[in-house]
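Novice:
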Amino acid sequence: MTGSFAPDCRVIEVDDPRLAAFFDAGQPDIGTVWELCMFFEFDREETVRCIADWIGPPQGVRVLDCACGSGFPALGLAARGYDVTCTDGSRLMLGHFARNARLDGLDLTGLRVPWHELPGRFGGRFDVVLNRGGGNYRYAGVWDRGGLADRTAMAEAIEQWVACLRPGGRLYVDIPPDPGADSVSDSTTQHPTLLLGGHVVDLVERITVEPPTGIRTWHTWLTVDGVTHEFERRAFHIVADELVAILTACGLEDVHVVDVPGEFYDVFCGRKPR
Ligand SMILES: C[S@@+](CC[C@H](N)C(=O)[O-])C[C@H]1O[C@@H](n2cnc3c(N)ncnc32)[C@H](O)[C@@H]1O
């Protein structure tokens, strides 16, 4: 196994009340880590704008974000006039969602609906179903507490999302960029230090993929005002061909890559037959 380490010694002063609010909300959790990763990895505004372009004009379009988490991209789309139903299985993430919605001045509630309950509640209802977040299907049911979801859970989850589409409706889903066969299976990134709302925040991420099992471990160390909090999430590594095979097996047509400028992940979409 080879390794790489990319330290970034910069100190950046950040004026972001929404991000700062995570650190005032209490003990950092996996939602805090996720929000920071998003801050470092991609351009929120640009990505929401491009997702909106992909959806088309908001009039008459019913959208489900079934992994709304702390609110991306659901809140940005709602602010642009889309009728977005927001669901997630995690109380913890929905707590962050509620605070972010308030800070954005949006009257929107995230509903607690685990994926296996989606078909019963929302079967055939939506024009667009979004599940954005770097391959959320890999963490089916284990985002909050850690652990390893069964490999079959990925296809089951995607099937449950597809069930919520009306005939002709479209699914939006993503996957982490494939590092390629020659690239390292052990990489560590030290992000710049943030000065944020009176806090000093450091994040180090380490990602390893174990060749025999294909298990990918995402380990993070989040240091806030000198106190370090450690997190670990494990999931099965998946490549784009496997995702496309799952989408096709779910009956989706016209499965293809979508170019979403600003986005960090690779995006795929497919259409439910009419
Ligand atoms: C990586 S976060 C992405 C959140 C958001 N879409 C974003 O991009 O910031 C993954 C989300 O999937 C949710 N999730 C994982 N398993 C779930 C399940 N079985 N049912 C519902 N939500 C689930 C988690 O609670 C978490 O909020």
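Numbering-wise, the working numbering comes out as the position in the sequence shown, counting from 1, plus 1186.
Note that the Cβ used here is the ideal one computed from N, Cα and C, for glycine as well.
1) Are there 16 or more other CB atoms within 10 angstroms of the CB of residue 1259, so buried, or fewer, so exposed?
2) Just the Cα atoms here: how many angstroms apart are residue 1265 and residue 1315?
3) Considering only C-alpha positions, which residue in the set 1389, 1203, 1442, 1196 is nearest to residue 1289?
4) Take residue 1322 as the anchor and find which of 1376, 1452, 1409, 1460 has the nearest alpha-carbon.
5) Within the continuous alpha helix (DSSP H) that includes residue 1301, where are the two ends?
6) Please confirm whether residue 1344 and residue 1433 have their CB atoms less than 8 Å apart.
7) Is the closest heavy atom of ligand 1 to the C-beta of residue 1371 under 7 Å?
8) Taking all protein chains shown into account, decide if residue 1413 is buried (16 or more other Cβ within 10 angstroms of its Cβ) or exposed.
9) Tell me the DSSP secondary structure of residue 1187 in three-state form.
10) In angstroms, rounded to a whole number, what distance separates the CA positions of residue 1248 and residue 1308?
11) I'd like to know whether the C-beta atoms of residue 1226 and residue 1377 end up nearer to each other than 8 Å.
12) How far does the alpha helix (DSSP H) with residue 1282 in it reach, from first residue to last?
13) Taking the C-alpha atoms as reference points, what is the distance between residue 1293 and residue 1445?
14) Is the closest heavy atom of ligand 1 to the C-beta of residue 1240 under 7 Å?
15) Hey, how far is the Cα of residue 1285 from the Cα of residue 1297?
16) Tell me the rounded alpha-carbon separation between residue 1386 and residue 1232.
17) Helix, strand or coil for residue 1393, going by three-state DSSP, please let me know.
18) Taking only the alpha-carbon atoms, compute the straight-line gap between residue 1398 and residue 1350 and give it to the nearest angstrom.
19) Can you list, in chain order, the residues of its chain whose CB lies under 7 Å from that of residue 1197, leaving out five sequence neighbours each side?
20) Give a single yes or no on whether residue 1340 has its beta carbon closer than 7 Å to a heavy atom of ligand 1.
21) Once the 5 residues before and after residue 1356 are set aside, which same chain residues still bring their CB inside 6 Å of it?
Specialist: The structure says:
1) On the sequence shown, position 73 is the one that residue 1259 refers to. By the neighbour-count rule (16 or more Cβ atoms within 10 Å), residue 1259 is buried.
2) If you number the sequence shown from 1, residue 1265 lands on position 79. If you number the sequence shown from 1, residue 1315 lands on position 129. Rounded to whole angstroms, residue 1265 to residue 1315 spans 18 Å at the Cα level.
3) In the sequence shown, the residue the question calls residue 1289 occupies position 103. Considering only alpha carbons, the answer is 1203.
4) Looking up residue 1322 in the sequence shown gives position 136. It is 1452 whose Cα lies nearest to the Cα of residue 1322.
5) Your numbering for residue 1301 matches position 115 in the sequence shown. Looking at the DSSP string, residue 1301 is not in any alpha helix (DSSP H), and its letter there is neither H nor E.
6) Along the sequence shown, read from residue 1 onward, the residue named residue 1344 stands at position 158. Along the sequence shown, read from residue 1 onward, the residue named residue 1433 stands at position 247. Yes, the Cβ-Cβ distance between residue 1344 and residue 1433 is below 8 Å.
7) Taking the sequence shown and counting its residues from 1, one reaches residue 1371 at position 185. For ligand 1, not one heavy atom lies less than 7 Å from the Cβ of residue 1371.
8) Counted from its first residue, the sequence shown places residue 1413 at position 227. Exposed, since its Cβ has fewer than 16 Cβ neighbours within 10 Å.
9) Within the sequence shown, residue 1187 is the residue found at index 1, counting from 1. Bear in mind that a pLDDT of 35 at residue 1187, under 50, signals an unreliable position, so the model cannot answer this.
10) One-based indexing of the sequence shown puts residue 1248 at position 62. One-based indexing of the sequence shown puts residue 1308 at position 122. Distance between the alpha carbons of residue 1248 and residue 1308 is about 11 Å.
11) In the sequence shown, counting from the first residue as 1, residue 1226 sits at position 40. In the sequence shown, counting from the first residue as 1, residue 1377 sits at position 191. Result yes, Cβ atoms of residue 1226 and residue 1377 sit closer than 8 Å.
12) Sequence index remark: in the sequence shown, residue 1282 carries index 96 (1-based). Its alpha helix (DSSP H) spans residues 1277 to 1289.
13) Stepping through the sequence shown from its first residue, residue 1293 is reached at position 107. Stepping through the sequence shown from its first residue, residue 1445 is reached at position 259. If you take the alpha carbons of residue 1293 and residue 1445, they lie about 31 Å apart.
14) Taking the first residue of the sequence shown as position 1, residue 1240 is located at position 54. Result no, Cβ not under 7 Å from ligand 1.
15) Start at 1 with the first residue of the sequence shown, and residue 1285 comes out as number 99. Start at 1 with the first residue of the sequence shown, and residue 1297 comes out as number 111. For residue 1285 and residue 1297, the distance between alpha carbons rounds to 14 Å.
16) Translated into positions along the sequence shown, residue 1386 becomes position 200. Translated into positions along the sequence shown, residue 1232 becomes position 46. Between the C-alpha atoms of residue 1386 and residue 1232 there is a straight-line separation of about 27 Å.
17) Position 207 of the sequence shown, counted from the first residue, corresponds to residue 1393. In this structure, residue 1393 counts as strand in the three-state DSSP scheme.
18) Sequence index remark: in the sequence shown, residue 1398 carries index 212 (1-based). Sequence index remark: in the sequence shown, residue 1350 carries index 164 (1-based). Between residue 1398 and residue 1350, the C-alpha separation is close to 35 Å.
19) Locating residue 1197 in the sequence shown gives position 11, counting from the first residue. 1378, 1379, 1381.
20) Numbered from 1 along the sequence shown, position 154 holds the residue referred to as residue 1340. Residue 1340: no, Cβ never under 7 Å from ligand 1.
21) Within the sequence shown, numbered from 1, the residue matching residue 1356 stands at position 170. 1314, 1455, 1457, listed in sequence order.
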